[in-house]
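>
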Amino acid sequence: MAGFWRPGADAPSTSAPSTLLTLDVDADADATGTLIQFEKNPKASLSARRRALPIAAHADELMYCVEKHQTTVIVGHTGCGKTTQIPQYLRDGGWCGGGATVAVTQPRRVAAQTVAQRVAEEVGCVIGDTVGYAIRFEDVCTPGKTEIKFCTDGALLRELAEDPLLTKYSVVIVDEAHERTLATDVLLGLLKKVQRARRDLRLIVSSATIQAESFAAFFDASGEDDDGDGPSRKPIIMSVEGRAHGVLIHYLDEPTGDYVLSAVETALEVHRNEGPGDILIFLTGEGEIDDAVNLLEEEAREMKRDPRRSHDALDLVVCPLYAGLNPAAQLEAFRPPRRGARKVVVATNVAETSVTIEGVVYVIDSCFAKQKAFDPERGMESLFVAPASKASTNQRAGRAGRVRPGKCFRLCTEIDYRSLADVTAPEIVRSDLASTVLQIKAMGIDNIMNFEWVSPPPAANMIKALELLYALRALDDDAKLTSPLGVHLAEIPLEPQLGKMLLVSGEMGCVREALTVAAYMQVQSLWVTHRGQKKRLDEMRDRFAVEEGDAVMMLNIHDAYCDARNQAKFASNNMLNHRALLRAGDVRSQLKKHLARLGVVTNSSCGDDTVPIRRAIAAGFFANAATLAPYGGGPDGSVFHSLRAMSARARARELRIHPSSALFRSRPQCVAYCSAVRTDREYMRDVTVVEADWLRELAPHFYRAVSANPTTQ
DNA sequence: ACACATAAT
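With full-length UniProt numbering applied, the first sequence corresponds to residues 1 to 713, in that order.
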C-alpha cells in the first residue's frame, strides 16, 4: 500500500514524527473487569503494596481537600489506586462515623462488584459487611453496618428517588465521570442540587485531565450565598500521576482508503518485524472484525506453509472480540497464546474501557468507532461509523503499555489526527431522553427545562421526549407526572413504552406473556454468534419464528426453554445463548415483583390467542408503527412507511424489517416495532404484526392529532 | 444479499 508507514528497519526517516505518549499502567487497580491480574511483587505485604501506590503519597493532601472543599475533582491516572484507596482513606479519616456511608459509583456492574470484593479483602471483611455493593439485582450491603458502598451510577439514581437528600451518605465518589454515560450525567446534575441543600455532603469526581476544569466549573457554587461556615463551595482539582510505560505513537504518511485492510497489513508487518508481545486491533463492528480475522487467518496459514520460514518464527493466533460474541470465543481472546505464538485480538470498543487484555504491546487503531445518535424528527436512534475522539484514541493507545513500553499505530495521518474532536460528545446529547425525563420528573423536578446539566441536551430531543411521555399518558397537559400511570411507569425499571405494555397487559389479560416479552427484550445477544454460521442461525430462528412476529417468537422460545429437561442443552442445540436465557428469567421475576407491588395481578395469560399480547405491544409502541408501502412494499417489495412520519411529512420515511427479525421475509400490512436502527438504510427491529384499527383505538389522541394537525406532532 | 458500538435502572 503506497505511502504506508513501515515499521522496523524499513521505517522511512521522513515519516510523520512519532510522539511519545505517556500513559498509565498498573495491573492493580484498573477495575474494569480485568480477568487476569498480575502482581508486580507478590511477596510484598498487603500494606506495603498499598503504600507503594502513587495515590498513597497524596493521601494527606486529598483528606485536606475533602475537608476544606465541598467538591474535589481528582485527576487520577489509571493505576494510581484511586478507586480502591480513597474510600479507605476516608473511612480511616472518620467520614464513616455515626452510621455515615461513603458511596462510590461506577458506570459498569462488573466494576462495582470486583472493586468491592478487592476493597473488602484489603479491609479484611466479608463482602456485604463493612464493604458492600449494590447493582440492579443485587444489594450486598448491611444497613447500618456497611461503611463503604460501591454501586452503579444507575443504582444510586434509584436511591435518590427514595432519599432525595442522600441522608445516609457523607461522601459520594463519582468514579470514571469522564466517560459521561447517561446515568453519570443525570447523577451529576442531581448531586449539584443535593449539595445546595446539604452543605456537608462531600463530592469527589474522578475525571480525566481534559474534563477536570469543566467538572470544577459545573460544581462551582462560590458565587452563591455563603454563610462562611463549612467547606468552601469552590471545587478544587488535584492530580495524581499513575505508573506509566511509554507508548510510541505512529501515524500514516498517506490516508488509507480501507482501514480494515490497512489494519491487517500493519498487524502482519508488526508480526514480522517487531519483538514479542500481543497485538490489539480496534475496528468498529462485527462485520469488519470478521473480515479482518478471515484475512489474518489466511495469512497465518500461508506463513506456516512457507518453506523459507525460520524454525523459531512465531505462529499467529487470531481472536475476534466483541460484546455479542459467544462467551467461549470471548474467553479465547483473554487466554495467553500458546508457547511459540503471538496473539492478535481484533476488537470493538469493548477492549477500550470494559475489559483489559493482558500482554498487549502493540495497538493498531482504525481511529473510528460506531456512535449512537438521536434523530428527534423521527424519534429514532441510529448507529453510524464516525471518527473517534482524541480521548478515545489515547485510551486505546494506553492499552499497549500495560506490560512494558509499547507501540500504537494510528491508521490516519497526523494532520487528520489533529482534526479529531478532543472528547466524544456525552451520551446525554445523543440519546432518546424519554426514560431520563420520566425519572427526573418522578424525583419531583417539574421544571425540567431548568435542570442544570453538565452538558444540556438539544431542546428538540427534550421536546420529543415530553411528547412521547404525553402520548403515553405519563404526563398531563401541564407536563406533570400523572397518577397513577406516570408514577407507576417511573417505578418500573424499563423504557416507558415497555412499561406501558406491561401495565396495559393487566387489563388485557396477558401479563404472563407481557412479562416474558419485556424480559427478553432486555437481554442482548439472545442468539449465539459463530463466525461463518449465519445461515444456520437463520434456520434455527425459523424454527421458532411465527407470522405474528418477534415478540410471539420470544414466547415460543420461552415456552420451549421452560419445558426442556436439560435447559443448557436446549440452548446449545438451538444456538441460543444460555446465559442470556438465564438472565431473561431473572429479569422476568424481578419485573413480576415490580408489577405485583403496583397492584397488577400477575398470573393472567392469553394462552394460544396472540391478539391480547399484540394489542398490549401496540398500546406501548403505537408511536413506532409502519404500514407496507403501496403496491406490495415498493419497488423491491420490502419497503414500509412509518405511520407517524407519513402524516407529518410530505414524503413518507422508508423503513425495512431488519434481517435479524423473524418477519424479514414476510410482508404484513401493518406492524409495530420496538426499536429501529439506521445503518445503510433504516431497519425496524423486534417487529410485531398489529392492526391499524388497534392503533386508532389504543392511541386515539396520538393518531387523531397527527391527522388533524400534522405540524403539531 | 441485506445485519446488531457500549453500557444501565
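Yeah, the Cβ is synthetic: ideal placement off N, Cα and C, and Gly gets one too.
1. Would the region 372-382 and the region 406-416 be scored as touching if the rule is three or more Cβ pairs under 8 Å?
2. Would you list, in sequence order, the uninterrupted beta strand (DSSP E) runs of no fewer than 3 residues that lie entirely inside the region 146-216?
3. Considering only C-alpha positions, which residue in the set Pro458, Trp453, Val487 is nearest to methionine 443?
4. Take alanine 519 as the anchor and find which of Glu507, Ser239, Ala551, Trp527 has the nearest alpha-carbon.
5. On the criterion of 16 or more Cβ atoms from any shown chain inside 10 Å, does alanine 619 qualify as buried, or is it exposed?
6. Does the separation of the CB atoms of threonine 436 and valine 186 fall below 9 Å?
7. Measuring straight from C-alpha to C-alpha, what distance separates lysine 569 and threonine 516?
8. Determine the closest residue to glutamate 467 out of Lys480, Ser455, Pro456, with distance taken between C-alpha atoms.
9. State the Cα-Cα distance for the pair methionine 462 and isoleucine 440, rounded to the nearest angstrom.
10. Which whole-angstrom value is the C-beta distance of threonine 284 and alanine 369, which I expect to be below 8 Å?
11. Which full runs of the beta strand (DSSP E) of 3+ residues lie inside the region 556-626, going along the chain?
12. For serine 642, tell me which candidate among Phe622, Thr353, Pro659 has the shortest Cα-Cα distance.
13. Does the beta-carbon distance from glutamate 237 to valine 66 come in below 9 Å?
14. Would you kindly check if the distance between the Cβ of leucine 314 and the Cβ of proline 276 is under 9 Å?
15. Does the beta-carbon of arginine 51 have 16 or more other beta-carbons within 10 angstroms, so that it is buried, or is it exposed?
16. Straight-line CA distance for alanine 465 to proline 107?
17. Where are the beta strand (DSSP E) runs, 3 residues long or more, that stay fully inside the region 74-139, in chain order?
18. Hey, is the region 343-350 in contact with the region 314-324, meaning 3+ C-beta pairs nearer than 8 Å?
19. If you reduce the DSSP assignment to three classes, tell me which class tyrosine 703 lands in.
20. Less than 9 Å between the beta carbons of valine 511 and leucine 595, yes or no?
21. Do the region 120-138 and the region 166-181 touch if we need at least three Cβ pairs shorter than 8 Å?
22. Consult DSSP for alanine 386 and reduce its assignment to one of helix, strand or coil.
23. What are the boundary residues of the alpha helix (DSSP H) that glutamine 330 is part of?
24. For a test of the three-state rule: what should DSSP assign to isoleucine 249, helix, strand or coil?
25. So, is aspartate 365 buried or exposed, given that buried needs 16 or more other C-beta atoms within 10 angstroms?
26. Taking proline 320 as part of the beta strand (DSSP E), name the residues at either end of that continuous run.
27. For threonine 19, which residues of its own chain have a beta-carbon under 7 Å away from its beta-carbon, when the five flanking residues on both sides are left out?
28. By how many angstroms is the C-alpha of valine 677 removed from the C-alpha of glutamate 286?
29. Given that a residue counts as buried once 16 or more other Cβ atoms are within 10 Å of its Cβ, and exposed if not, what is phenylalanine 219?
30. Of the residues Ile74, Glu299, Thr688, Glu288, which one's Cα is nearest the Cα of valine 521?
31. Just grab the DSSP bridge partners of threonine 284 for me.
32. Please classify cysteine 674: does DSSP put it in a helix, a strand, or coil?
33. For alanine 434 and leucine 695, I'd like the C-alpha separation in whole angstroms.
34. The alpha helix (DSSP H) spanning valine 511 covers which residue range?
35. Do you know whose CA, among Ser661, Ser525, Leu494, lies nearest arginine 158's CA?
36. Identify, in the order they occur along the chain, each residue of the same chain with its Cβ nearer than 6 Å to the Cβ of serine 660, setting aside the five sequence neighbours on each side.
If we stick to the structure as given:
1. no
2. 148-152, 169-174, 202-206
3. Ranked by how close their Cα comes to the Cα of methionine 443, the residues Pro458, Trp453, Val487 have Val487 in first place.
4. Ala551
5. Counting Cβ neighbours within 10 Å, alanine 619 comes out buried, since at least 16 surround it.
6. yes
7. C-alpha of lysine 569 to C-alpha of threonine 516: approximately 21 Å in a straight line.
8. Taking only the C-alpha atoms, the option nearest glutamate 467 is Lys480.
9. 12 Å
10. 6 Å
11. none
12. Phe622
13. The amino acid occupying residue 237 in the given sequence is isoleucine; glutamate does not appear at that position. In this structure, valine 66 does not lie closer than 9 Å to isoleucine 237 by Cβ.
14. yes
15. exposed
16. 24 Å
17. 101-106, 131-135
18. yes
19. Secondary structure of tyrosine 703 (DSSP, three-state): helix.
20. At a Cβ-Cβ threshold of 9 Å, valine 511 and leucine 595 count as neighbours.
21. In the pairwise beta carbon analysis, the region 120-138 is classified as not touching the region 166-181: fewer than three pairs are separated by under 8 Å.
22. strand
23. 327-334
24. Looking at isoleucine 249 - three-state DSSP - the assignment turns out to be strand.
25. buried
26. 315-321
27. Confidence at threonine 19 is low in this model, with a pLDDT of 35, below 50, so the placement of that residue should be treated as unreliable; the coordinate-derived value is given next. Excluding residues within five positions, the ones whose Cβ falls inside 7 Å are Ile249.
28. Computed Cα separation, rounded: 15 Å.
29. buried
30. Sequence inspection shows methionine at residue 521; the valine mentioned does not correspond to that position. Out of Ile74, Glu299, Thr688, Glu288, Thr688 has the C-alpha closest to the C-alpha of methionine 521.
31. According to DSSP, which records beta bridges pairwise, threonine 284 is partnered with nothing at all.
32. strand
33. 20 Å
34. Run containing valine 511: 511-522, per the alpha helix (DSSP H) assignment.
35. Leu494
36. none
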